[in-house]
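Novice: Next up is a structure, given as structure tokens.
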Amino acid sequence: MFLSDYILILIGLLMLILGVLIGVAFLTLLERKVLGYIQIRKGPNKLGFTGILQPFSDAIKLFTKEQTYPLFSNYLVYYFSPIFSFFLSLLIWMIIPYYFNMISFNLGFLFFFCCTSLGVYTLMISGWSSNSNYSLLGGLRAVAQTISYEVSLALIMLSVIIMIMDFNLVKFNYYQSMIWFMFMMMPLSMCWLSSSLAETNRTPFDFAEGESELVSGFNIEYSSGGFALIFLAEYSSILFMSMLFILMYMGGYDLSLFFYLKLVFISFFFIWVRGTLPRYRYDKLMYLAWKSYLPLSLNFLILFIGVKIFFI
1 MFLSDYILIL IGLLMLILGV LIGVAFLTLL ERKVLGYIQI RKGPNKLGFT GILQPFSDAI
61 KLFTKEQTYP LFSNYLVYYF SPIFSFFLSL LIWMIIPYYF NMISFNLGFL FFFCCTSLGV
121 YTLMISGWSS NSNYSLLGGL RAVAQTISYE VSLALIMLSV IIMIMDFNLV KFNYYQSMIW
181 FMFMMMPLSM CWLSSSLAET NRTPFDFAEG ESELVSGFNI EYSSGGFALI FLAEYSSILF
241 MSMLFILMYM GGYDLSLFFY LKLVFISFFF IWVRGTLPRY RYDKLMYLAW KSYLPLSLNF
301 LILFIGVKIF FI
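If you use UniProt numbering, the sequence shown corresponds to residues 1 to 312, in order.
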């Protein structure tokens, strides 16, 4: 490879990061607008044309606030956690098979699971290093929840991998040209969607941020830039999970208007759930993961192995 190739790859990656950050900014605006209309009010509508510049003023406000840190916290680890969380949430975007990027991951799914597994450590570290009871409890809850739902996510993904016999996300375009996987495996796709809600700590599974019990959860002691990075990481993972769902179950990746409409709809679904559903009870969350989703995904895995052996 020549130096020009490396420069092009670097420019492509920088464009990707910039695109993700702008996408996250407008996702927060969409969330505030949708929640506003669900609660019969306007949402942000003063800044720019109908509030379109609101995310940028929010970013300026967040990053210019005073940076405080708790006296008894573990300083280096305390600030390492949000930075690493943000880094992971941007790194994971590399596995999407873009047409303009020269990087193709043959083991894209394994890379995805490596990144999501490492994400557990950021929650745990930020909960522990704050040296606060509330953040520690919030961190413990978040870790238990993420680990529980990663098991069912892995098994659901294995079912899909067995159908296409490849770890590369490019293959989904070929295999879904006739029929979407969503229609072939409807229960699994619904399981995946609700598990990704739990994986991204969203309502009705937002136990890490139970305001009535834990004030704000594992991120309670963070202010200014630290809080902003945790916030950006969370919304980036929401956007990524929406895109991954479309890739796996709704026809793969293509640069068409229909693809982006699907992406907006799935992102809207995340927000819609937040506006309408109350928080689950913690034991019911664990029951759902281990007693419902785990057996269902295991049974489907065995079914698809049988289908692959006997019919294909």
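All residues carry an ideal CB built from backbone N, CA and C; glycine is no exception.
Since this is a predicted model, take the numbers as computed values, not measurements.
Alpha helix (DSSP H) containing VAL170: first to last residue?
Specialist: As a first step, residue 170 must be located in the sequence shown, where it is residue number 170. That residue, VAL170, is in no alpha helix (DSSP H); it is neither H nor E in DSSP.
Novice: For GLN67, I'd like the list of residues in its chain whose CB is within less than 8 Å of its CB, leaving aside the five on either flank, ordered along the chain.
Specialist: Residue mapping note: residue 67 aligns to position 67 of the sequence shown, counting from 1. Result list for GLN67: SER223, SER224, GLY225, GLY226, in chain order.
Novice: Rounded to whole angstroms, what is the Cα-Cα separation between PRO82 and PHE310?
Specialist: One-based indexing of the sequence shown puts residue 82 at position 82. One-based indexing of the sequence shown puts residue 310 at position 310. Roughly 48 Å separates the two Cα atoms.
Novice: Apart from the five residues on each side of it in sequence, which residues of its chain come closer than 6 Å, Cβ to Cβ, to SER196?
Specialist: Taking the first residue of the sequence shown as position 1, residue 196 is located at position 196. Result list for SER196: MET241, in chain order.
Novice: In the structure shown, what three-state DSSP assignment does ILE52 receive?
Specialist: Counted from its first residue, the sequence shown places residue 52 at position 52. In the structure shown, ILE52 sits in coil (DSSP, three-state: anything other than H, G, I, E or B).
Novice: Smallest Cα separation from LEU30: which of LEU16, LYS308, SER132, PHE265?
Specialist: For the purposes of this step, residue 30 is taken as residue 30 along the sequence shown, with counting starting at 1. Out of LEU16, LYS308, SER132, PHE265, PHE265 has the C-alpha closest to the C-alpha of LEU30.
Novice: Applying the 10 Å Cβ sphere with the 16-neighbour rule, what's the burial state of ARG41?
Specialist: Taking the sequence shown and counting its residues from 1, the one referred to as residue 41 is at position 41. Label assigned to ARG41: exposed.
Novice: Tell me whether the segment 116–125 and the segment 162–169 touch, counting them as touching only if at least three CB pairs, one residue from each stretch, are closer than 8 Å.
Specialist: Not touching, per the Cβ criterion.
Novice: Would the segment 242–257 and the segment 174–184 be scored as touching if the rule is three or more Cβ pairs under 8 Å?
Specialist: Contact between the segment 242–257 and the segment 174–184 is present, because at least three Cβ pairs lie under 8 Å.
Novice: Tell me which same chain residues have a C-beta within less than 6 Å of the C-beta of VAL34, skipping the five on either side of it?
Specialist: By one-based count along the sequence shown, residue 34 stands at place 34. Closer than 6 Å at the Cβ level, and outside the excluded window around VAL34, lie ILE271.
Novice: Identify, in the order they occur along the chain, each residue of the same chain with its Cβ nearer than 7 Å to the Cβ of GLY139, setting aside the five sequence neighbours on each side.
Specialist: Indexing the sequence shown from 1 puts residue 139 at position 139. For GLY139, where only same-chain residues beyond five positions count, the Cβ hits under 7 Å are LEU123, MET124, SER126, GLY127, TRP128, PHE218.
Novice: Could you give the first and the last residue of the continuous alpha helix (DSSP H) run that contains PHE2?
Specialist: Within the sequence shown, numbered from 1, the residue matching residue 2 stands at position 2. Premise fails: PHE2 is in no alpha helix (DSSP H) and is neither H nor E.
Novice: Tell me the rounded alpha-carbon separation between GLN145 and GLU199.
Specialist: Position 145 of the sequence shown holds residue 145. Position 199 of the sequence shown holds residue 199. When rounded, the separation of the alpha-carbon atoms in GLN145 and GLU199 is 7 Å.
Novice: Nearest-angstrom Cα distance between VAL20 and LEU169?
Specialist: By 1-based counting over the sequence shown, the position of residue 20 is 20. By 1-based counting over the sequence shown, the position of residue 169 is 169. Distance between the alpha carbons of VAL20 and LEU169: 19 Å.
Novice: Taking three-plus beta-carbon pairs below 8 Å as touching, is the segment 80–98 in contact with the segment 48–60?
Specialist: no
Novice: Compute the Euclidean distance between the alpha carbons of TYR75 and TYR69, then round it to the nearest angstrom.
Specialist: For the purposes of this step, residue 75 is identified with residue 75 of the sequence shown, where counting begins at 1. For the purposes of this step, residue 69 is identified with residue 69 of the sequence shown, where counting begins at 1. C-alpha separation (whole angstroms): 8 Å.
Novice: Please go through the same chain and pick out, in chain order, the residues whose beta-carbon is closer than 6 Å to the beta-carbon of VAL143, but skip the five residues on each side of it.
Specialist: Residue numbering aside, residue 143 sits at position 143 when the sequence shown is read from its first letter. Excluding the 5 residues flanking it on each side, VAL143 has same chain C-beta neighbours closer than 6 Å at VAL120, LEU123, MET124, in chain order.
Novice: Report the residue from SER148, LEU158, TRP180 whose alpha carbon sits nearest the alpha carbon of residue 318.
Specialist: The structure shown does not extend to residue 318, since the chain is modelled only from 1 to 312, so the question has no answer here.
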